[in-house]
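Following: one structure in structure tokens, then a few remarks.
Chains as they are written, first to last, in the UniProt record's numbering: chain A, 1 to 94; chain B, 1 to 96.
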């Protein structure tokens, strides 16, 4: 958030613009979510792909980690879709 | 936060008005500190699990070297995940 707090929130004239504040909040939340996703994937994939840590990551470990990230995202999408379907079914039955 | 809350914001609080820009800078610093702390916690958990079998009366040289290597490999894994994830995002955006 370069340029200081005031400029992002359009604080010209001393009044803060709630719309701009909300936009910034959404951006920060998205950044935090992306960070947390990277943390979880790194943990899971490190555990699954690295047996005994060596002096560097060899090719097969790097491939495993990249595949692991893809499979985690696939699993995420599968869970999301299945959950949305369930929500819709439950709403239809209300 | 040495010197108490007021001094960091002292210049900002001159004249009784707080400078949102300076507050935001301080918030960013604190968030960075918290993130670093959390990363240390995760790496310690992971590497303790991988590197320490039966805890002894001290950490031997081998265990210490192993833990340091583990930390390096964890950071390598983080970078690999980041790069792969960014590539995936770009592919998905290109396909939209």
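Don't be surprised by glycine CBs; every beta carbon is placed ideally from N, CA and C.
Need the endpoints of the alpha helix (DSSP H) that residue 61/B sits in, please. Translated into the one-based positions of the second chain, residue 61/B becomes position 61. 61–94 is the extent of the alpha helix (DSSP H) around residue 61/B.
Which value, in whole angstroms, describes the spacing of the CA atoms of residue 62/A and residue 80/B? Residue mapping note: residue 62/A aligns to position 62 of the first chain, counting from 1. Residue mapping note: residue 80/B aligns to position 80 of the second chain, counting from 1. Whole-angstrom Cα-Cα distance: 7 angstroms.
Grab the span of the alpha helix (DSSP H) containing residue 37/A for me, first residue to last. Taking the first chain and counting its residues from 1, one reaches residue 37/A at position 37. Element bounds for residue 37/A: 18–49.
Chain B within 8 angstroms of residue 17/A, Cβ atoms only: Indexing the first chain from 1 puts residue 17/A at position 17. No, no contact with chain B.
Between the region 68–91 of chain B and chain A, which residues of the former have CB atoms less than 7 angstroms from a CB of the latter, in chain order? 69, 70, 73, 74, 76, 77, 78, 80, 81, 82, 84, 85 and 88
Can a CB atom of chain A be found closer than 8 angstroms to the CB of residue 46/B? Sequence index remark: in the second chain, residue 46/B carries index 46 (1-based). Cβ-Cβ to chain A under 8 angstroms: yes for residue 46/B.
Would you mind stating whether residue 50/A and residue 73/B have Cβ atoms separated by less than 8 angstroms? Here the question's residue 50/A lines up with position 50 in the first chain. Here the question's residue 73/B lines up with position 73 in the second chain. Taking 8 angstroms as the Cβ cut-off, residue 50/A and residue 73/B qualify as a contacting pair.
What would DSSP say about residue 54/B, mapped onto helix, strand or coil? For the purposes of this step, residue 54/B is identified with residue 54 of the second chain, where counting begins at 1. Three-state DSSP puts residue 54/B in coil, outside helix and strand.
Three CB pairs or more closer than 8 angstroms across the region 44–60 of chain A and the region 43–51 of chain B: yes
Cβ shell of residue 28/A (< 6 angstroms), same chain only, five flanking positions each side left out: Indexing the first chain from 1 puts residue 28/A at position 28. Hits under 6 angstroms: none found.
Tell me the DSSP secondary structure of residue 43/B in three-state form. Taking the second chain and counting its residues from 1, the one referred to as residue 43/B is at position 43. Residue 43/B falls in the helix class under three-state DSSP.
Cβ contact check for the region 34–49 of chain A and the region 80–94 of chain B: 3 or more pairs under 8 angstroms: Touching, per the Cβ criterion.
Where residue 94/B and residue 59/B are concerned, what is the direct C-alpha to C-alpha distance, given to the nearest angstrom? The residue given as residue 94/B occupies position 94 in the second chain. The residue given as residue 59/B occupies position 59 in the second chain. Looking at the two C-alpha atoms, the distance is approximately 50 angstroms.
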